[in-house]
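Below: the structure, in structure tokens.
2 protein chains.
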Amino acid sequence: MQERLYSAPGCTSEERFGEASAAGETLGERMRRSLEQDIARGDLAPGARLDEKEIAERFGVSRTPVREAFRLLAANGLVELRGRQGAIVREIGVNQLLEMFQVMAELEGLCARLAARRITPAQRAMMSDIHARLEAMGEENDPARFYQINLEFHEVIYEASRNDFLAEQTRSLRNRVGAYRLRVTYLPERVRHTLKEHAEVMEAIFAHDAERAHAAMRAHLTLLGDDLIDFIAQFGKE
Amino acid sequence: MQERLYSAPGCTSEERFGEASAAGETLGERMRRSLEQDIARGDLAPGARLDEKEIAERFGVSRTPVREAFRLLAANGLVELRGRQGAIVREIGVNQLLEMFQVMAELEGLCARLAARRITPAQRAMMSDIHARLEAMGEENDPARFYQINLEFHEVIYEASRNDFLAEQTRSLRNRVGAYRLRVTYLPERVRHTLKEHAEVMEAIFAHDAERAHAAMRAHLTLLGDDLIDFIAQFGKE
DNA sequence: GAACGATTTCTTGTATCCAAATTATTGGTA
DNA sequence: TACCAATAATTTGGATACAAGAAATCGTTC
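The listed protein sequences correspond, in order, to chains D and G. Going by this note's numbering, the first sequence opens with residue 1, and the numbers climb by one from there. Going by this note's numbering, the second sequence opens with residue 1001, and the numbers climb by one from there.
Put into structure tokens, the structure is as follows:
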């Protein structure tokens, strides 16, 4: 049946499913969001098989919206649909993960470059604040919270880029590698590096130095890629 | 009902639907591809409404795979689904189109950069050949063919990048702006520019000069963006 | 005659049903 | 006991049926 390697501390996906149902939103869409979060949070481990019937019953809906959600997730690359063999949470190979990082580094770099030219005073303040919060928690060893604030930092840059399409693409890609990032980003020695790199990106943006912002952001993510290699190598698996 | 502003010279989408059905491929997937092509080719004009029942009957399937295709197209941003109001071919605003070009320039730039480092002799030869063909047709004034060969040129670079994920993302994005490109790219004075820019990209790749390849490709697409602005301004529409 | 409103029709969203395919099980044989 | 085959059971893909919401039409009223 369905496997849960470890369950999140927060709430179950069924609960999340019930809350905050935007009017006019389709069941399939809500299903997608819920499952997407489960995958991103790691509640559904890569390789786990998703059973239409079981999930439909668990959420109290018919198979139709579940099927819809599966297709959407597959379109986003989060699950793999093999004909008549069900949906499994996509096991991202090292190769593809590195490929994705490379693309992401480029997109985030573009975000930073545009942000350097277009950031508003309000966003500037917000960015400072977020960075300060991230710095403040320093050695607290709260990976989930660190991850969350780190996300906010990048998010404000997406918005400052004033390119909604780019923001959406980058967000989607980040979400897609999210499950892996959680395990990768939080290595104690990484925290200091991250803070320093963020500071450099922020400085460049504040100075309206587009090229430097671009380079700094790319370096930030490329480093993550290198660390990723270490992490993977540690397990010695394909 | 459904509007067709102008029909393509080739074949109807129903015919295309029938041909070359890869084994194990789902109906919904085939529907998606067919509709996607219709949109990219302009057979389905932006703003046109897609009727589930009508399309289902036209292709001789039930509504289920049609709905599936709609969701997939929506996930790719080609159509818009407004709750219980059907699917309409997405009317891309100038703003968003420019945003997309900006992202695409970055992605294609990355393709070129990687290609400069990784291209194989076989791909090199193919690239030369494609470029020669494009040059040969020069003033022939055959937009569809020009568009096709131009596509091949970019495609070989995607493949030479040896980053499947990047290739897929770029391909998808190019397809998405395809409908507009067809009308934009082919302005007589543009052809010469395109050829010259292609030559520069190719030269840089052949010289394994990653940075120059990147820059040349970005410039190539950015120029297209500028032309696009001209094109839009011509119509004075939002 | 025009505008507003109720009703009817049509279209989409969801559930159920059927068929096809894959997987598991069981029986037999080497 | 291990392996193969045939069959049963489960599961997905697609079609149909039903419900709910949106749009259009027709009637009424000002």
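Even for Gly, the Cβ is constructed at its ideal location relative to N, Cα and C.
Answer with buried or exposed for residue i, where buried requires no fewer than 16 other C-beta atoms within 10 angstroms of its C-beta.
i, result
"Ser1161 of chain G", "buried"
"Glu1189 of chain G", "exposed"
"Asn150 of chain D", "buried"
"Asn95 of chain D", "exposed"
"His220 of chain D", "buried"
"Gly109 of chain D", "buried"
"Thr1120 of chain G", "exposed"
"Arg1041 of chain G", "buried"
"Asp1043 of chain G", "buried"
"Ala144 of chain D", "exposed"
"Ala132 of chain D", "exposed"
"Ala1087 of chain G", "buried"
"Lys1237 of chain G", "The pLDDT assigned to Lys1237 of chain G is 38, lower than 50, so where the model puts this residue is not dependable; a value taken from the coordinates is nonetheless given after this. Exposed is the call here."
Among the options, whose alpha-carbon lies nearest the alpha-carbon of residue i?
i, options, result
"Thr1222 of chain G", "G:Arg1145, G:Asp1051, G:Gly1047 and G:Glu1099", "G:Glu1099"
"Ile1205 of chain G", "G:Gln1102, G:Ser1128 and G:Asp1164", "G:Ser1128"
"Cys1111 of chain G", "G:Val1191, G:Leu1035 and G:Arg1174", "G:Arg1174"
"His1193 of chain G", "G:Gly1086, G:Leu1134 and G:Glu1108", "G:Leu1134"
"Glu1039 of chain G", "G:Ala1105, G:Arg1067 and G:Ile1092", "It is worth fixing the name first, because residue 1039 of chain G is Ile in this sequence and not Glu. Closest option to Ile1039 of chain G, Cα to Cα, is G:Ile1092."
"Arg1171 of chain G", "G:Lys1196, G:Arg1145, G:Pro1143 and G:Leu1107", "G:Leu1107"
"Gln85 of chain D", "D:Glu52, D:Arg58 and D:His208", "D:Glu52"
"Ser34 of chain D", "D:Phe59, D:Ala87 and D:Ala45", "D:Phe59"
In whole angstroms, what is the alpha-carbon distance linking residue i and residue j?
i, j, result
"Leu78 of chain D", "Leu72 of chain D", "9 Å"
"Glu1025 of chain G", "Gly83 of chain D", "7 Å"
"Leu27 of chain D", "Pro65 of chain D", "6 Å"
"Ile130 of chain D", "Phe153 of chain D", "6 Å"
"Ala199 of chain D", "Ala136 of chain D", "13 Å"
"Glu211 of chain D", "Ala167 of chain D", "19 Å"
"Ala1215 of chain G", "Arg1124 of chain G", "19 Å"
"Leu1097 of chain G", "Val1177 of chain G", "7 Å"
"Asp1164 of chain G", "Val1156 of chain G", "12 Å"
"Glu36 of chain D", "Arg30 of chain D", "10 Å"
"Leu1050 of chain G", "Glu54 of chain D", "33 Å"
"Met104 of chain D", "Gln1169 of chain G", "11 Å"
"Glu147 of chain D", "Met1126 of chain G", "The displayed chain sequence assigns Tyr, not Glu, to residue 147 of chain D. Using only the alpha carbons, I get a separation of about 45 Å."
"Gln995 of chain G", "Arg118 of chain D", "As shown, chain G starts at 1001 and ends at 1238. That puts residue 995 of chain G outside it, with no answer to give."
"Glu203 of chain D", "Pro46 of chain D", "38 Å"
"Ala1122 of chain G", "Asp142 of chain D", "51 Å"
"Gly1138 of chain G", "Val1191 of chain G", "8 Å"
Note down, in chain order, each residue of its chain lying with its Cβ closer than 7 Å to the Cβ of residue i, except the 5 sequence neighbours on either side.
i, result
"Glu140 of chain D", "none"
"Val1201 of chain G", "Ala1112, Ala1213, Ala1216, Met1217 and His1220"
"Asn1076 of chain G", "Ser1172 and Arg1176"
Using the three-state DSSP reduction, which class does residue i fall into: helix, strand or coil?
i, result
"Glu91 of chain D", "coil"
"Glu197 of chain D", "helix"
"Ala1219 of chain G", "helix"
"Val1061 of chain G", "coil"
"Leu97 of chain D", "helix"
"Val1177 of chain G", "coil"
"Leu1073 of chain G", "helix"
"Leu1050 of chain G", "strand"
"Glu1080 of chain G", "strand"
"Glu140 of chain D", "coil"
"Gln85 of chain D", "coil"
"Ser1161 of chain G", "coil"
"Glu1211 of chain G", "helix"
"Ile55 of chain D", "helix"
"Asp43 of chain D", "coil"
"Glu1025 of chain G", "coil"
"Gly236 of chain D", "Unreliable placement is indicated for Gly236 of chain D, whose pLDDT of 40 sits below 50; the coordinate value is still reported in the next sentence. DSSP places Gly236 of chain D in coil when its eight states are reduced to three."
"Ile119 of chain D", "coil"
Ignore the nearest five residues each way along the sequence and tell me which others in residue i's own chain have a CB closer than 6 Å to its CB.
i, result
"Ala1115 of chain G", "Ile1157, Ala1160, Ser1161 and Ile1205"
"His208 of chain D", "Ala116"
"Glu80 of chain D", "Ile88 and Arg90"
"Lys1196 of chain G", "none"
Counting only the same chain and skipping the five closest in sequence on each side, list residues whose C-beta sits under 8 Å from that of residue i.
i, result
"Arg1032 of chain G", "Glu1068, Ala1069, Leu1072 and Leu1073"
"Ser1062 of chain G", "Ala1056"
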